[in-house]
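Residue numbers (the working numbering): 1 to 479. Data block below; observations after.
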Amino acid sequence: MGKELRGRPSRDSPDLLVVLRADTGQPLREQLRDAIKDAIRSGRLPAGGRLPSSRALAADLGVSRGVVVDAYAELAAEGFVTSQAGSGTHVTATFQLPRLEPVAHLTPAPAPAGVVDFDLRADRPDLSLFPRRKWVAATRDAMRDLADADLGYGDPLGSGQLRSQLGSYLSRVRGAVAAPESVLVVAGVTQGLELLARDLVAHGQETLAVEDPGSSRLQRVLARTGLRLVPVPVDRDGLDVAVLAATGARAVLCTPAHQFPTGAMLSALRRTALLRWAAERDGLVIENDHDAVLRWDRMPMGCLQGLDPHRVALLGSVSRSLAPGLRLGWIVPPAALLSSLVVAKRDGDGGSPVIEQHTLARLIEMGAFDRHLRRTRKIYRTRRDALLTALGQQFPGWVVIAATAGLHVWLQPGGEVDAAALVAAAAARGVAVEATAATSVHPPRLSGLVVGYATLDAEHIIEAVSRLADAVREVEVST
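Rendered as structure tokens:
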């Protein structure tokens, strides 16, 4: 092959990938001119973008400066670039890319949804409450103490500092058995659940029992793993363990602290029965610690994992307590599963973000995480109270369920209501809300709405509920 001249990074000007060939017979000036034209036409060099100086580009390419000066002059004459003393050479600001015809086989993007004035969808924390100043301070502390080696791939279990802090926190607040060496840091509950599900498949499991109703999003995650989902009904005492025992499944996903969307807390009798089932079946309980620290009118309940760490895998995250965009969560699995989960985590993504892990560890260590939770719990409780008052005034005859914890309520109608039509009518009024039916694994579908309240202050909650009531009246009239 002929010799190629490639641009190399320069400290004093922007980088530009250009490949010149010395064996083509075409002058280097023309090759450079044409290469820059192609970069401009393709959009790789945007309108107004700065080009390297002639001296820097010549040095990068190993050619004389005159080659670059002449190429730039021809580009300027043809209107591709402009040059001005003191400011360098730029792509012409008004340069227009040719209009491209759409590719026929591409699926068109869905039409944009209507304007959302009030978001009443469930499980959405108020991101404006994120403790930015404390997070920045914790990041600064973490960066000061971070060794160079810590910026590598590191331990696939996760940062030792974070695992230590999480272990202490989960033991103190959730009653978990969580030594640092038993905590696996993951990218939220979603990744943790998928790792556990794929581990079940790898060990020959074909079915997983799930709560019905339950999170439709997590059901979709599980379906991708190849497991067959077996629905188990939920009542006021939580998961029906007697029905679970009859399914033949050896693993179950449940939310003992605050079931979604019913809000049920697994009763003491059911907790005992579930752990007995796991022991008798040599089974696994995957405990999603959903909204466990967001409670208003109920006593705290320790996690199941603390009662039997050999049969229960504890899943949790900071998605609602801090922000879902952090993608930080944890698994505290039975010791027998830990090594295979760590290998799968390592091979899957190489580990979790280092700086965010160290920052969260510092936030917990300095007590800022606990203070943030106390502050947000007060705010969310005030909003919950405003929602209950507004619903009581605007929805006579409807029943409010699941209001004692979490960031949503289940609004159940007194009679038949077309929930899909109601969701559409609410959307037309700028209110985003979800039908409870979407959480059912199998028919019969639940009636009513899942109404979140975390993102709105009291004044906006009142207006949102008023619009939602208007939507109900419209649907009732049409039917």
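In this text, a Cβ means the ideal position worked out from N, Cα and C, and glycines have one as well. Keep in mind it's a predicted model, so treat the numbers as computed, not measured.
Self-check item: Endpoints, the beta strand (DSSP E) within which R228 is located
Solution: From DSSP, the beta strand (DSSP E) with R228 extends over 228 to 235.
Quiz prompt | Integer-rounded CB distance, given that A458 should sit under 8 Å from A480 | solution = Here the chain comprises residues numbered 1 to 479, so residue 480 is not present and cannot be evaluated.
Practice problem: Taking only the alpha-carbon atoms, compute the straight-line gap between D117 and S87 and give it to the nearest angstrom. | Solution: Cα atoms of D117 and S87: separation of roughly 46 Å, rounded to the nearest angstrom.
Quiz item: Which residue or residues does DSSP assign as beta-bridge partners of D212?
Solution: Bridge partners of D212: P233.
Practice problem: Excluding the 5 residues preceding and the 5 following R320 in the sequence, name in chain order all residues of the same chain whose CB lies nearer than 6 Å to its CB. | Solution: If we look at R320 and ignore the five residues flanking it on each side, its Cβ neighbours are P125.
Quiz item: Taking the alpha-carbon positions, what's the T190 to W330 distance?
Solution: Approximately 10 Å between the Cα atoms of the pair.
Self-check item: Straight-line gap, A425 to P324 (C-alpha atoms, nearest Å)
Solution: Distance between the alpha carbons of A425 and P324 is about 29 Å.
Exercise. Give the secondary structure of A432 by DSSP, where H, G and I count as helix, E and B as strand, and everything else as coil.
Key: Strand, per DSSP.
Exercise. Report yes if the C-beta of V183 is less than 7 Å from at least one heavy atom of the ligand GTP; otherwise report no.
Key: The ligand GTP is absent from the structure shown, which contains no ligand whatsoever.
Quiz item: Considering only the beta carbon of each residue, do G160 and V185 sit closer than 8 Å?
Solution: No, the pair does not count as a contact, with Cβ atoms beyond the cut-off.
Quiz item: Is D119 helix, strand or coil by DSSP?
Solution: For D119, the secondary structure class from DSSP, reduced to helix, strand or coil, is strand.
Quiz prompt | Three CB pairs or more closer than 8 Å across the stretch 132 to 146 and the stretch 264 to 274 | solution = With a cut-off of 8 Å, the stretch 264 to 274 and the stretch 132 to 146 do not count as touching, because too few Cβ pairs lie within range.
Quiz prompt | Local Cβ density within 10 Å of D199, reported as buried at 16 or more and exposed below that | solution = By the Cβ-count criterion, D199 is buried, with 16 or more other Cβ atoms from all chains shown falling within 10 Å of its own Cβ.
Quiz item: Count the other CB atoms within 10 Å of the CB of W296; is the residue buried (16 or more) or exposed (fewer)?
Solution: Exposed, by the Cβ-count rule.
Quiz item: Cα separation between R21 and A147?
Solution: Straight-line Cα distance between these residues: approximately 44 Å.
Practice problem: Would you kindly check if the distance between the Cβ of V451 and the Cβ of A390 is under 8 Å? | Solution: Result no, Cβ atoms of A390 and V451 do not sit closer than 8 Å.
Quiz item: Where DSSP assigns a beta bridge to Q412, which residues make up the other side?
Solution: According to DSSP, Q412 bridges with V399.
Exercise. Please go through the same chain and pick out, in chain order, the residues whose beta-carbon is closer than 6 Å to the beta-carbon of A93, but skip the five residues on each side of it.
Key: So the qualifying residues of the chain are A47, G48.
Quiz item: Roughly how many whole angstroms lie between the Cα atoms of R362 and P180?
Solution: Approximately 15 Å between the Cα atoms of the pair.
Quiz item: CA-CA distance, A336 and A471?
Solution: Computed Cα separation, rounded: 53 Å.
Self-check item: Closest residue to V136 among D123, I355, L170 (Cα-Cα distance)
Solution: Closest option to V136, Cα to Cα, is I355.
Quiz item: Quick one: Cα of P300 to Cα of M265, how far?
Solution: Taking the CA atoms as reference points, P300 sits about 10 Å from M265.
Quiz item: Quick one: what's T82 bridged to in DSSP?
Solution: Answer is H90, bridged to T82.
Practice problem: Could you say which of R429, R473, G406, G154 lies nearest to P396 if we only look at CA atoms? | Solution: Per the Cα distances, R473.
Exercise. Answer with buried or exposed for G188, where buried requires no fewer than 16 other C-beta atoms within 10 angstroms of its C-beta.
Key: With 16 or more Cβ atoms within 10 Å of its Cβ, G188 is classed as buried.
Quiz item: Hey, L294 and A405: beta-carbon distance below 8 Å or not?
Solution: Yes. Within cutoff.
Exercise. Please confirm whether E194 and V173 have their CB atoms less than 8 Å apart.
Key: Taking 8 Å as the Cβ cut-off, E194 and V173 do not qualify as a contacting pair.
Practice problem: In angstroms with no decimal places, state the Cα-to-Cα distance between D34 and S64. | Solution: The alpha-carbon atoms of D34 and S64 are separated by roughly 17 Å.
Quiz item: According to the neighbour-count rule (16 or more other Cβ atoms, all chains shown, within 10 Å of its Cβ), is G43 buried or exposed?
Solution: The residue in question, G43, is exposed, as its Cβ has fewer than 16 Cβ neighbours within 10 Å.
Quiz item: Anyone know if the C-beta pair for E211 and T255 falls short of 8 Å?
Solution: Yes, Cβ-Cβ distance for E211 and T255 is below 8 Å.
Quiz item: Are the Cβ atoms of L407 and Y380 separated by less than 8 Å?
Solution: Yes, the pair counts as a contact, with Cβ atoms nearer than the cut-off.
Quiz item: R133: buried (16+ other C-beta within 10 angstroms of its C-beta) or exposed?
Solution: Taking all protein chains in view, the Cβ of R133 is surrounded by fewer than 16 other Cβ atoms within 10 Å, so the residue is classified as exposed.
Exercise. Would you tell me roughly how many angstroms separate the C-alpha atoms of E74 and D60, rounded to the nearest one?
Key: Taking the straight line from one Cα to the other gives about 20 Å.
Self-check item: Endpoints, alpha helix (DSSP H) assigned at A202
Solution: Unbroken alpha helix (DSSP H) run through A202: 188 to 202.
Quiz item: What does DSSP give as the partner residues of T207 in its beta bridges?
Solution: For T207, which the question treats as bridged, DSSP gives the partners R228.
Quiz item: Under the rule that 16 or more other beta-carbon atoms within 10 Å means buried, what is D23, buried or exposed?
Solution: Exposed: under 16 other Cβ atoms inside 10 Å.
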